[in-house]
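Residue numbers (my numbering): 1 to 441.
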């Protein structure tokens, strides 16, 4: 066992006192041959560090102590359930951290976690499990920098009385991406959620949950046979600064259903058999969105309690908006009859098909409202830039280049190239360490 010592020493004429506090790093297989034995041996708060290899173990964390489990390299440090067991089960009332591992081939869930006061999982690949990728119940969690793919049910399943954050992760090729059941709170942001396929739930599904905040995500190429791509049952749900495009729902309601606030999103080229191809609203506020080229309406209202302002609603079929019993193709008519303000209908003119960033000449530049607008856009650029807020998830930022000083610019680029080259040479030996993921976690 490898020990690092922090020692405090006090000396005098008549006495000598030395105390030491030891923090252990247990290395598998160097110090202990199996991960489970190392977990059992580690004191509370000590780290079990696992070297690359395929470990066919069914790990359990059940003792009342803090666990820290870290792999050396995510892609080559693999916990394999061999389709006969669960790679990792957590049932302790203390904090748990799991980093830089692959967890795969479970007979059920890749990770099953209950009761930890705080569960952190970072830079892990959770894939090819026979049920959910990650199941969590009655705990606080933080899932970040992970890839959660090719699981036969949900990518992430959060059960009763849980709260947490899902961020900076890739969630794809599952049946359902994220499901939050019964009294959940969650921030879901800066993720790519794509290619999740037909199943018995929506791609993002919540039931009886509250304060669900979905922002700064790219949500694309998903399919659902259920009530929608995103279905929220609860209160206080917000959907902000997302690219939401080319999704398809065969369910009875629509693609984005039940959000209380839908603000500064780009919602493009989605299809739906029934309900709304863009947004379905029972009651809520729809502000500063680009809603274009969706089938089965851009906005489908199922209630008269709503506020719609400063959106660009264009090219949706069979009409732009359906409100109760009336279709609207004329946005000015909708504005007059509903007391709505600032809604427009124009071809946004994106950079290209599939790239939904706006350009300087886009008709949505400076056409948004400051009301409830976020301080930054999808990529963290400050809002507003210029005379006003832009409509959609992207804020156009103009780069100023002094074209009358070409020599200075050329010299500057040469200098910057030299600096970048030196940095690359300096950091050449650090790349392998970066692959552990601990620099992000």
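Ideal Cβ positions, reconstructed from N, Cα and C, are used throughout, including at glycine. Model, not experiment: these values are computed from the prediction.
At which residue ranges does the stretch 280-320 contain complete beta strand (DSSP E) runs of 3 or more residues, listed in the order of the chain?
Those beta strand (DSSP E) runs which fall completely within the stretch 280-320 and span 3+ residues are 290-292, 299-309, 312-314.
For a test of the three-state rule: what should DSSP assign to residue 369, helix, strand or coil?
Against the chain shown, residue 369 aligns to sequence position 369. DSSP places residue 369 in coil when its eight states are reduced to three.
Local conformation of residue 338 per DSSP, three classes:
By 1-based counting over the chain shown, the position of residue 338 is 338. Helix at residue 338.
Buried or exposed, going by whether 16 or more other CB atoms sit within 10 Å of the CB of residue 8?
Indexing the chain shown from 1 puts residue 8 at position 8. At residue 8 the pLDDT is 30, less than 50, meaning the model places this residue with poor confidence and gives no usable figure here.
Can you check which of these residues, 325, 241, 270, 239, is closest to residue 221 by C-alpha distance?
Counting from one through the chain shown, the residue named residue 221 turns up at place 221. Minimum Cα distance to residue 221 is reached at 270.
Would you mind listing the alpha helix (DSSP H) stretches within the stretch 109-139 that are 4+ residues and don't spill past its ends, in chain order?
Within the stretch 109-139, there are no complete alpha helix (DSSP H) runs of at least 4 residues.
At the level of alpha carbons, what is the spacing between residue 314 and residue 380?
Taking the first residue of the chain shown as position 1, residue 314 is located at position 314. Taking the first residue of the chain shown as position 1, residue 380 is located at position 380. Roughly 26 Å separates the two Cα atoms.
7 Å Cβ shell around residue 232 - same chain, five flanking residues per side excluded
Indexing the chain shown from 1 puts residue 232 at position 232. For residue 232, where only same-chain residues beyond five positions count, the Cβ hits under 7 Å are 206, 212, 257, 258, 259.
Using 8 Å as the cut-off, can you tell me whether the stretch 121-141 makes contact with the stretch 154-171, which would need three or more C-beta pairs spanning the two stretches below that distance?
Because the criterion of three Cβ pairs below 8 Å is met, the stretch 121-141 and the stretch 154-171 touch.
Beta carbon of residue 306 nearer than 8 Å to that of residue 286:
For the purposes of this step, residue 306 is taken as the residue at position 306 of the chain shown. For the purposes of this step, residue 286 is taken as the residue at position 286 of the chain shown. Residue 306 places its beta carbon less than 8 Å from that of residue 286.
My output table needs one value for residue 399: the three-state DSSP class, helix, strand or coil.
As a working note, residue 399 is residue 399 in the chain shown. Three-state result, residue 399: coil.
Spatial neighbours of residue 62 in its chain, beta-carbon cut-off 7 Å, leaving aside the 5 residues before and after:
Position 62 of the chain shown, counted from the start, is the residue given in the question as residue 62. Within the same chain, and ignoring the five residues on either side of residue 62 in sequence, the residues whose Cβ sits closer than 7 Å to its Cβ are 91, 92.
Within 10 angstroms of the Cβ of residue 120, are there 16 or more other Cβ atoms? Answer buried if so, exposed if not.
As a working note, residue 120 is residue 120 in the chain shown. Label assigned to residue 120: buried.
Use the C-beta contact count for residue 440: other C-beta atoms within 10 angstroms, 16 or more gives buried, fewer gives exposed.
In the chain shown, residue 440 corresponds to position 440, counting from 1. The Cβ neighbour count for residue 440, taken over all protein chains shown within 10 Å, is under 16; the residue is labelled exposed.
Just to confirm, is the Cβ distance from residue 99 to residue 125 under 8 Å?
Start at 1 with the first residue of the chain shown, and residue 99 comes out as number 99. Start at 1 with the first residue of the chain shown, and residue 125 comes out as number 125. Contact flag unset, no.
Buried or exposed: where does residue 360 fall if 16 or more other Cβ atoms within 10 Å of its Cβ makes it buried?
Taking the chain shown and counting its residues from 1, the one referred to as residue 360 is at position 360. Around the beta carbon of residue 360, fewer than 16 other beta carbons sit within 10 angstroms, so the residue counts as exposed.
Cβ neighbours of residue 128 in the same chain (closer than 6 Å, five flanking residues each side left out)
Residue numbering aside, residue 128 sits at position 128 when the chain shown is read from its first letter. Excluding sequence neighbours, residue 128 sits near 104, 105, 150.
For residue 60 and residue 87, what's the separation of their Cα atoms in angstroms?
On the chain shown, residue 60 is found 60 positions in, with the first residue counted as 1. On the chain shown, residue 87 is found 87 positions in, with the first residue counted as 1. Distance between the alpha carbons of residue 60 and residue 87 is about 8 Å.
Is the separation between the beta-carbon of residue 364 and that of residue 388 shorter than 8 Å?
Along the chain shown, one-based indexing puts residue 364 at 364. Along the chain shown, one-based indexing puts residue 388 at 388. No, these two residues do not count as a Cβ contact at 8 Å.
Mind checking whether residue 153 and residue 180 have CB atoms under 8 Å apart?
Sequence index remark: in the chain shown, residue 153 carries index 153 (1-based). Sequence index remark: in the chain shown, residue 180 carries index 180 (1-based). With respect to the 8 Å criterion, residue 153 and residue 180 are not classified as neighbours on the basis of their beta carbons.
Identify whether residue 332 lies in helix, strand or coil by the three-state DSSP scheme.
Translated into positions along the chain shown, residue 332 becomes position 332. For residue 332, the secondary structure class from DSSP, reduced to helix, strand or coil, is helix.
Which partner residues does residue 257 have in the DSSP bridge list?
Taking the chain shown and counting its residues from 1, one reaches residue 257 at position 257. DSSP, once it has assigned bridges, lists 231, 280 as partnering residue 257.
Determine whether the beta carbon atoms of residue 378 and residue 394 lie at a separation below 8 Å.
As a first step, residue 378 must be located in the chain shown, where it is residue number 378. As a first step, residue 394 must be located in the chain shown, where it is residue number 394. Against a cut-off of 8 Å, the Cβ pair of residue 394 and residue 378 comes out as a contact.
Residue 375 versus residue 382: straight-line alpha-carbon distance, rounded:
As a first step, residue 375 must be located in the chain shown, where it is residue number 375. As a first step, residue 382 must be located in the chain shown, where it is residue number 382. A direct Cα-Cα distance of roughly 6 Å separates residue 375 from residue 382.
Around the Cβ of residue 272, are there at least 16 other Cβ atoms within 10 angstroms (buried) or fewer (exposed)?
Position 272 of the chain shown, counted from the first residue, corresponds to residue 272. It is buried - the Cβ of residue 272 has at least 16 other Cβ atoms within 10 Å.
If I measure Cβ to Cβ from residue 46 and keep anything under 6 Å in the same chain, skipping five residues before and after, which residues do I get?
The sequence position of residue 46 within the chain shown is 46, counting from 1. Same-chain partners within the cutoff: 24.
Residue 207 bridges to which residues according to DSSP?
Here residue 207 is taken as the residue at index 207 of the chain shown, counted from 1. 181, 233, per the DSSP bridge assignment.
Residue environment, residue 339, which counts as buried when at least 16 other CB atoms sit within 10 Å:
Taking the chain shown and counting its residues from 1, the one referred to as residue 339 is at position 339. A residue is called buried once 16 or more other Cβ atoms fall within 10 Å of its Cβ, and residue 339, having fewer, is exposed.
Less than 8 Å separating the beta-carbons of residue 362 and residue 348?
Numbered from 1 along the chain shown, position 362 holds the residue referred to as residue 362. Numbered from 1 along the chain shown, position 348 holds the residue referred to as residue 348. A contact, by the Cβ cut-off of 8 Å.
Residue range of the beta strand (DSSP E) that includes residue 41
Taking the first residue of the chain shown as 1, we reach residue 41 at position 41. Element bounds for residue 41: not the beta strand (DSSP E) but the alpha helix (DSSP H), 35-41.
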